[in-house]
Amino acid sequence: MLFEDVYKEFLFDLEIKNYSIRTIKGYRNNNRAFLNYLCNEFSVVEIEEVNTSHIKAYLMNLKMKGLSESYINGIQKNIRSFFKFIVEEGYIAEKRNPVLGLKWMREPKVLIKTFNDDEVKRLINAHKGDFYLSMRNKLILMFFVDLGIRNLELCTLGSLDVGESVIKIHGKGNKERNLYISPFLKKYIIKYERMKEAYFKDKFMTDSNFFLSQNGKILTVTAIEVMMKKAGNEAKIRDHIRCSPHTLRHYFAQKQLRLGLDVYSLSRLLGHESTIITNRYLQSIQDEQILELAKTTSPLMNL
63 MLFEDVYKEF LFDLEIKNYS IRTIKGYRNN NRAFLNYLCN EFSVVEIEEV NTSHIKAYLM
123 NLKMKGLSES YINGIQKNIR SFFKFIVEEG YIAEKRNPVL GLKWMREPKV LIKTFNDDEV
183 KRLINAHKGD FYLSMRNKLI LMFFVDLGIR NLELCTLGSL DVGESVIKIH GKGNKERNLY
243 ISPFLKKYII KYERMKEAYF KDKFMTDSNF FLSQNGKILT VTAIEVMMKK AGNEAKIRDH
303 IRCSPHTLRH YFAQKQLRLG LDVYSLSRLL GHESTIITNR YLQSIQDEQI LELAKTTSPL
363 MNL
């Protein structure tokens, strides 16, 4: 069977499963590049012709182009999902699945750098004033800090998703998870809802999302990133710290671990499929603590 035909079926299956447009785009682009490589380098156009060595050659080709191990592993994940679909549809037998012989690339340990507590306070306090946009931006930052959600998850949050004590998050792969609303966060949610109601009293809201633009429309991922950069400049965040929603997600994860939360529970809060990614936060904290300890145990400083 031709790869091209199965490729189209695979993308259609992702739409049926209600994957996000961004996720489908990633699968489409990564697997398209892979299929083009198979055709151009090995003249492989049918699924029965591909073997493990073909996939390894493609991944090594990406490595030679200077792409990072983590990026290549992400592409391999997309390819694995593609062949999982091929097996599930019965186009090849499980024992002939070429991804079975693949191994993940070893990724270098990276010390995850994020905000400190004072910087987070300054970020939140960068938005002052008793009016809608200021309170909205302040609460957005609080959501990132107290819930650890992704930027896209915040953008797609509906008004009905915010309950009295729990928020329903629509995560990756259309997976839902419930997060607890702390009393501190609840206080500002009440303030925001009051200001939002007053602000849009005589205005037309085109969307029912919890966070809206000043024109009553859905906020975009880019708009929130721009807002955060402005807040970062106002708060005078250290130059080597990237001021973004994802960095606040890193802060949330590391803060939870320092407060004693176990890795498994944290992975559930973050919406991770496994604890592999979550463990990176724990490793980063341990490395950081070792570096701090080394400052006081330098042999030369203690001669």
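The sequence shown: position 15 = 77 (my numbering), numbered continuously.
Every residue, glycine too, gets a C-beta built ideally from N, C-alpha and C.
- Task: In the DSSP assignment, find the unbroken alpha helix (DSSP H) run with GLY86 in it and report its ends.
- Result: Going by the sequence as given, residue 86 is Ile instead of Gly. ILE86 -> alpha helix (DSSP H) spans 83 to 104.
- CB of ASN240 within 9 Å of CB of ILE231, strictly: yes
- Taking just the CA atoms, how far does ILE243 sit from ILE229? 7 Å
- Task: Compare the beta carbon distance of GLY294 and CYS305 with 9 Å and say whether it is the shorter of the two.
- Result: The answer is yes: Cβ separation under 9 Å.
- Message: Starting from LEU241, trace the alpha helix (DSSP H) in both directions and tell me its first and last residue.
- Response: It is not in any alpha helix (DSSP H) - LEU241 instead sits in the beta strand (DSSP E) that spans 238 to 242.
- Message: Taking only three categories from DSSP, how would you classify LYS258?
- Response: helix
- For LEU362, which of helix, strand or coil comes out of DSSP? The predicted position of LEU362 is uncertain, since its pLDDT is 48 and thus under 50; a value taken from the coordinates is nonetheless stated next. Three-state DSSP puts LEU362 in a helix.
- CB-CB under 7 Å to HIS26, same chain, minus the five flanking residues each way: which ones, in chain order? Past the edges of the chain, shown from 63 to 365, lies residue 26, and the structure says nothing about it.
- Query: Roughly how many angstroms separate the alpha carbons of THR282 and LYS87, rounded to a whole number?
  - Reply: Computed Cα separation, rounded: 17 Å.
- Ordered along the chain, which non-local residues of its own chain (more than five positions away) have a Cβ less than 6 Å from that of VAL224? PHE272
- Give the range of the alpha helix (DSSP H) segment to which VAL288 is assigned. 283 to 297
- Item | Same chain only: Cβ atoms within 7 Å of LEU64, ignoring 5 sequence neighbours per side | VAL107 and GLU108
- Item | Beta-carbon proximity check, VAL68 vs ILE141, cutoff 9 Å | no
- DSSP state of LEU57, grouped into three classes? A query on residue 57 cannot be resolved here, the shown segment of the chain reaching from 63 to 365 and no further.
- Query: According to DSSP, is ASN271 helix, strand or coil?
  - Reply: strand
- Message: To the nearest angstrom, how far is the alpha carbon of LYS279 from that of TYR133?
- Response: 34 Å
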